[in-house]
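Colleague:
In the numbering used here, the protein residues as written are 987 to 1116.
(1) So residue 1090 and residue 1041 are supposed to be a Cβ contact under 8 angstroms. How far apart are they, rounded?
(2) Buried or exposed for residue 1026, please, with buried defined as at least 16 other CB atoms from any protein chain shown within 10 angstroms of its CB.
(3) Terminal residues of the continuous alpha helix (DSSP H) containing residue 1005?
(4) So, is residue 1028 buried or exposed, given that buried needs 16 or more other C-beta atoms within 10 angstroms?
(5) Which whole-angstrom value describes the C-beta separation of residue 1014 and residue 1054, a residue pair presumed to lie in contact below a C-beta threshold of 8 angstroms?
(6) Classify residue 1038 as buried or exposed, calling it buried when 16 or more other Cβ atoms lie within 10 Å of its own Cβ.
(7) Measuring alpha carbon to alpha carbon, tell me which of 1085, 1076, 990 and 996 ends up nearest residue 1099.
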């Protein structure tokens, strides 16, 4: 089981979670929007601001994983995009993580460009309501 704490205000992120949900035939993923009203109450150990900056996940044993570790494990659990595991190889991992951090930082702009969907209202004000 992998719990993924994702930004539901990001159209690209939400679309990826929807796709993962559709492929999760064995119910191995729990998808949690960090913007949910009761998020802080249910997950007091997850800082929603940090989870907004970089994707967070939690394994069954409570271990927190971040960034591409979450993404690659999620796709592995649903049996899709097997090529993504290459991104966890030692030398490639270093560069892939740098690329992912760039993506995470600019995901709202990238998402708006790719999907054509506008950013959320608080993002347009350059601040998040978290």
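Think of the CB as a built atom: it goes at the ideal place given N, C-alpha and C, for glycine as much as any other residue.
Remember, it's a predicted structure, so these values are computed and weren't measured experimentally.
Modeller: Result, derived from the coordinates:
(1) With 8 angstroms as the limit, residue 1090 and residue 1041 qualify as a contact, their Cβ atoms being about 7 angstroms apart.
(2) Taking every protein chain shown into account, the CB of residue 1026 has fewer than 16 other CB atoms within 10 angstroms, so this residue is exposed.
(3) Counting along the chain, the unbroken alpha helix (DSSP H) around residue 1005 starts and ends at 997-1009.
(4) Note on residue 1028: under 16 other CB atoms within 10 angstroms of its CB, so exposed under the neighbour-count rule.
(5) That pair is no contact at about 18 angstroms.
(6) So residue 1038 counts as buried.
(7) For residue 1099, the nearest C-alpha among the options comes from 996.
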